[in-house]
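K.L.:
Here it is, the structure in full.
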Amino acid sequence: MRVTILPDGVEVDAADDETLLRALARAGLRYRVGCKRGGCGVCKVQLKLGEVRYERPIAPQVLSDDERVEGICLSCRAVPLTNIVIELQEGDRLRRVLGFAFPTNHHHGKEDR
Amino acid sequence: MSAVMRLGYVQLRVTDLEEARNHYSNTLGMEVVHEEPGKLWLKCWDEWDHHSLVIEEGGVGLVKLGYKVDSPEALADFERRSQQFGATVGRFSEGENLKVGDGVRITLPSDHTLELYTDMEYAGTETGAINPEAWPRNIRGVGTHWIDHALISVDEPALVERFMSECLDFRSAERAVVSMEDPELLGSWMTCGESPHDLAFIKGPNNKLHHFAYHLEDWSSILKAGDIFSMDDVPIDIGPTRHGITRGTTIYFFDPAGNRNEVFAGLGYRAMKDFPTITWTSDQLAKGIFYHARELNEGFTTVFT
């Protein structure tokens, strides 16, 4: 599945059953995360397009039904079901932490097109 | 010294009981001593009471903390003083908590549930009390010795500090304030004995857990714990490093539901009755918390369960 991350428009591929967090980390990308295990809600992103499923039960105090309806998505537990577009939280940005390993960095964003 | 002896049990919610069993039993090395559908009771090899951790499936976060008190008279005294303070206080009966005797349930000014009790069924340590070996040969994973302390988040640190001090005889070994000119309390590390902290709290949302911690023997055990976390793919929040506060060496990491745990070793001092309370000012607080990085990661003040 193709994952497009706004606002930069960076694209990465998620393998089958791979969470958003894992797919981004595997591509050498970092963003705001907390416990990485569905407990704190720090890694929420906005799902702009497409569908995800959750690989494990999510506690309602972490992600409420209202938030789900608003398209808020817990990225450490969300597995894309389709190609998706997500937007990072306001004030967050993608950091390249493994630049030397990914010289092109799977980057098919706006500036490359 | 307070008649409260120690943090005796932590009760916690997890999203998946089997993942939690694997984490607390295989990675950390606790023993499952009792189980019922949806619930586990565990103890560390070096603990002598029946259990120190209760895990229940459904949700995430802290249910309650239990502190063991040395006599029924002290328990009644704590009950009376907590009522006089204005806290919500109730009694619970033997058996309401498995293998735990009668006790007093207090709702802290921060809405956390704190249970005081005098009796829990004796189980004995793995090495026993007669000519014991230094450690058991069948240790799994990290081999945590005992649950040592908890750090909770509270909206009004000064109020909780006053409660713990006036009602339960805890003393502040270390305190974090805005500055030497502005004494607003940001956090307090409180002891009931001589350990630098048995209960600590920092400013944050009420009724939340920041972490609870396991005692390990020394710095090399902390390093080895870090190795095991990598082998078992346990997310590490920070460490191995040292805290300025308490001088303990540490790793913060997360259980499979996202509750923060700590392994902690190397007590820096004994907080005796005449110990001069240490003050940290907010400009140096990051160094107090992570002595080497001297800056906080984002999660430290945002991740609570």
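Residue numbers (numbering that gives the first Met the number 0), protein chains in the order written: chain E, 0 to 112; chain U, 0 to 304.
Yeah, the Cβ is synthetic: ideal placement off N, Cα and C, and Gly gets one too.
Spatial neighbours of PHE169 (chain U) within its chain, please: C-beta separation below 8 Å, excluding the five flanking residues on both sides.
P.N.:
For the purposes of this step, residue 169 (chain U) is taken as the residue at position 170 of the second sequence. So the list reads SER1, VAL3, MET163, MET189, THR190, CYS191, ASP197, LEU198, once near-sequence residues are dropped.
K.L.:
Quick one: using the 10 Å Cβ neighbour count with 16 as the cut-off for buried, is ASN258 (chain U) buried or exposed?
P.N.:
Working through the second sequence from its first residue, we reach residue 258 (chain U) at position 259. So ASN258 (chain U) counts as buried.
K.L.:
Rounding to the nearest angstrom, what Cα-Cα distance links ASP16 (chain E) and LEU73 (chain E) in this structure?
P.N.:
In the first sequence, counting from the first residue as 1, residue 16 (chain E) sits at position 17. In the first sequence, counting from the first residue as 1, residue 73 (chain E) sits at position 74. Straight-line Cα distance between these residues: approximately 15 Å.
K.L.:
Does the distance from the C-beta atom of THR240 (chain U) to that of PHE263 (chain U) stay below 7 Å?
P.N.:
Along the second sequence, one-based indexing puts residue 240 (chain U) at 241. Along the second sequence, one-based indexing puts residue 263 (chain U) at 264. Against a cut-off of 7 Å, the Cβ pair of PHE263 (chain U) and THR240 (chain U) comes out as no contact.
K.L.:
What did DSSP end up calling ASP44 (chain E) once you bin it into helix, strand or coil?
P.N.:
Mapped onto the first sequence, residue 44 (chain E) falls at position 45. What sits at residue 44 (chain E) in the sequence shown is Val, not Asp. It is a strand residue.
K.L.:
Looking at the structure shown, is HIS50 (chain U) part of a helix, part of a strand, or coil, going by DSSP?
P.N.:
What you label residue 50 (chain U) is simply residue 51 of the second sequence in a count that begins at 1. Coil at HIS50 (chain U), not helix or strand.
K.L.:
Going along the chain, which residues of the stretch 0-13 of chain E sit with their C-beta nearer than 9 Å to a C-beta in chain U?
P.N.:
So the list is empty, because no residue satisfies the distance condition.
K.L.:
For TYR268 (chain U), count the other beta carbons within 10 Å of its own beta carbon; 16 or more makes it buried, fewer makes it exposed. Which is it?
P.N.:
Here residue 268 (chain U) is taken as the residue at index 269 of the second sequence, counted from 1. It is exposed - the Cβ of TYR268 (chain U) has fewer than 16 other Cβ atoms within 10 Å.
K.L.:
Measuring alpha carbon to alpha carbon, tell me which of U:ARG12, U:ARG174, U:ARG161, U:PRO135 ends up nearest ALA86 (chain U).
P.N.:
Here residue 86 (chain U) refers to the residue found at position 87 when the second sequence is read from its first residue. Ranking U:ARG12, U:ARG174, U:ARG161, U:PRO135 by Cα distance to ALA86 (chain U) puts U:ARG161 first.
K.L.:
Leaving out five residues on either side along the sequence, give the residues of the same chain with a beta carbon under 7 Å from the beta carbon of GLY49 (chain E).
P.N.:
Counting from 1 along the first sequence, the entry for residue 49 (chain E) is found at position 50. Closer than 7 Å at Cβ, skipping near neighbours: PRO79, THR81, ASN82, ILE83, VAL84.
K.L.:
Taking C-beta to C-beta, are HIS148 (chain U) and ASP45 (chain U) nearer than 7 Å?
P.N.:
By 1-based counting over the second sequence, the position of residue 148 (chain U) is 149. By 1-based counting over the second sequence, the position of residue 45 (chain U) is 46. No, the pair does not count as a contact, with Cβ atoms beyond the cut-off.
K.L.:
Compile a chain-ordered list of the residues in the stretch 21-47 of chain E whose CB is closer than 7 Å to at least one CB of chain U.
P.N.:
Cβ contacts with chain U: ARG31, GLY33, CYS34, LYS35, ARG36, GLY37, GLY38, CYS39, VAL41.
K.L.:
If we cut at 7 Å on Cβ distances, does ALA58 (chain E) have a partner in chain U?
P.N.:
To locate residue 58 (chain E), count along the first sequence from 1; it is residue 59. Answer yes: the Cβ-Cβ gap between ALA58 (chain E) and chain U drops below 7 Å somewhere.
K.L.:
Checking 7 Å against the spacing of the C-beta atoms, do LYS63 (chain U) and HIS50 (chain U) come in under that value?
P.N.:
The residue you call residue 63 (chain U) lines up with position 64 of the second sequence. The residue you call residue 50 (chain U) lines up with position 51 of the second sequence. For LYS63 (chain U) and HIS50 (chain U), no; Cβs fall outside 7 Å.
K.L.:
Going along the chain, which residues of its own chain have a beta-carbon closer than 7 Å to the beta-carbon of TYR8 (chain U), five neighbours each way excluded?
P.N.:
Within the second sequence, residue 8 (chain U) is the residue found at index 9, counting from 1. Correct list, in chain order: HIS50, SER51, LEU52, VAL53, GLY65.
K.L.:
Let me check understanding here. Comparing Cα to Cα, which of U:GLY287, U:ALA256, U:LEU167, U:MET179 lies closest to ARG80 (chain U)?
P.N.:
Position 81 of the second sequence, counted from the first residue, corresponds to residue 80 (chain U). Closest option to ARG80 (chain U), Cα to Cα, is U:LEU167.
K.L.:
Does the stretch 127-146 of chain U come into contact with the stretch 209-227 of chain U, if we say contact requires no fewer than three beta-carbon pairs (one atom in each stretch) closer than 8 Å?
P.N.:
Touching, yes, given that three or more Cβ pairs across the two stretches are closer than 8 Å.
K.L.:
Give a yes or no on whether the minimum CB-CB distance between PRO131 (chain U) and chain E is below 7 Å.
P.N.:
Stepping through the second sequence from its first residue, residue 131 (chain U) is reached at position 132. So no, PRO131 (chain U) is outside the interface.
K.L.:
Have a look at GLY57 (chain U) and PRO204 (chain U) and give me their C-alpha separation to the nearest angstrom.
P.N.:
As a working mapping, residue 57 (chain U) is identified with position 58 in the second sequence. As a working mapping, residue 204 (chain U) is identified with position 205 in the second sequence. One C-alpha to the other measures close to 21 Å.
K.L.:
Taking Cβ-Cβ distances shorter than 7 Å, what residues in chain U pair up with VAL61 (chain E)?
P.N.:
Your numbering for residue 61 (chain E) matches position 62 in the first sequence. Those are VAL59, listed as they occur along chain U.
K.L.:
DSSP state of GLY298 (chain U), grouped into three classes?
P.N.:
To locate residue 298 (chain U), count along the second sequence from 1; it is residue 299. In this structure, GLY298 (chain U) counts as helix in the three-state DSSP scheme.
K.L.:
Can you check DSSP and say which residues form a bridge with PHE263 (chain U)?
P.N.:
Translated into positions along the second sequence, residue 263 (chain U) becomes position 264. Note: PHE263 (chain U) sits in a beta bridge opposite U:HIS214, U:THR249.
K.L.:
So the alpha helix (DSSP H) LEU5 (chain E) belongs to, where does it begin and stop?
P.N.:
Residue mapping note: residue 5 (chain E) aligns to position 6 of the first sequence, counting from 1. Per DSSP, LEU5 (chain E) belongs to no alpha helix (DSSP H); it is in the beta strand (DSSP E), 1-5.
K.L.:
Return helix, strand or coil for ASP110 (chain U), following the three-state DSSP convention.
P.N.:
On the second sequence, position 111 is the one that residue 110 (chain U) refers to. Coil, per DSSP.
K.L.:
Does CYS166 (chain U) come out as helix, strand or coil in the three-state DSSP assignment?
P.N.:
Locating residue 166 (chain U) in the second sequence gives position 167, where the first residue counts as 1. Helix, per DSSP.
K.L.:
Starting from the C-beta of ARG1 (chain E), find all residues in its chain whose C-beta is less than 7 Å away, skip the five residues before and the five after it, and write them out in chain order.
P.N.:
The count along the first sequence starts at 1 and reaches residue 1 (chain E) at position 2. The residues are GLU10, ASP12, ASN82.
K.L.:
Return yes when the Cβ of GLY243 (chain U) is within less than 7 Å of the Cβ of GLY287 (chain U), no when it is not.
P.N.:
Reading the second sequence from its first residue, position 288 is the one you call residue 287 (chain U). Reading the second sequence from its first residue, position 244 is the one you call residue 243 (chain U). Contact flag set, yes.
K.L.:
So, is the C-beta of THR248 (chain U) closer than 7 Å to a C-beta in chain E?
P.N.:
As a working note, residue 248 (chain U) is residue 249 in the second sequence. False, the Cβ-Cβ gap to chain E never drops below 7 Å.
K.L.:
Going by DSSP in three states, ASP12 (chain E) sits in which element: helix, strand or coil?
P.N.:
Residue 12 (chain E) sits at position 13 when you count from the first residue of the first sequence. ASP12 (chain E): strand per DSSP, three-state reduction.
K.L.:
Can you tell me which of U:VAL302, U:LYS98, U:GLU132, U:PRO108 puts its alpha carbon nearest to the alpha carbon of THR117 (chain U)?
P.N.:
Taking the second sequence and counting its residues from 1, the one referred to as residue 117 (chain U) is at position 118. Comparing Cα-Cα distances from THR117 (chain U) to each of U:VAL302, U:LYS98, U:GLU132, U:PRO108, the minimum goes to U:LYS98.
K.L.:
Which residue wins for smallest C-alpha separation from LYS272 (chain U), given the options U:LEU185, U:GLU216, U:ALA172?
P.N.:
Taking the second sequence and counting its residues from 1, one reaches residue 272 (chain U) at position 273. Out of U:LEU185, U:GLU216, U:ALA172, U:ALA172 has the C-alpha closest to the C-alpha of LYS272 (chain U).
K.L.:
Strictly under 7 Å for the Cβ-Cβ distance: is PRO195 (chain U) near chain E by that measure?
P.N.:
Taking the first residue of the second sequence as 1, we reach residue 195 (chain U) at position 196. For PRO195 (chain U), the answer is no, since every Cβ of chain E falls outside 7 Å of its Cβ.
K.L.:
My understanding is that GLN60 (chain E) touches VAL59 (chain U), with C-beta atoms under 8 Å, so please give their C-beta distance in whole angstroms.
P.N.:
Taking the first sequence and counting its residues from 1, the one referred to as residue 60 (chain E) is at position 61. Taking the second sequence and counting its residues from 1, the one referred to as residue 59 (chain U) is at position 60. Contact flag correct, Cβ pair sits at about 7 Å.
K.L.:
Applying a beta-carbon distance threshold of less than 7 Å, which residues of chain U neighbour ARG55 (chain E)?
P.N.:
Reading the first sequence from its first residue, position 56 is the one you call residue 55 (chain E). Simply THR14, ASP15.
K.L.:
To the nearest angstrom, report how far apart VAL13 (chain U) and ALA19 (chain U) are at their CA atoms.
P.N.:
Residue numbering aside, residue 13 (chain U) sits at position 14 when the second sequence is read from its first letter. Residue numbering aside, residue 19 (chain U) sits at position 20 when the second sequence is read from its first letter. Their backbone Cα atoms lie some 7 Å apart in a straight line.
K.L.:
Leaving out five residues on either side along the sequence, give the residues of the same chain with a beta carbon under 7 Å from the beta carbon of PHE84 (chain U).
P.N.:
Position 85 of the second sequence holds residue 84 (chain U). Closer than 7 Å at Cβ, skipping near neighbours: PHE162, GLU165, CYS166.
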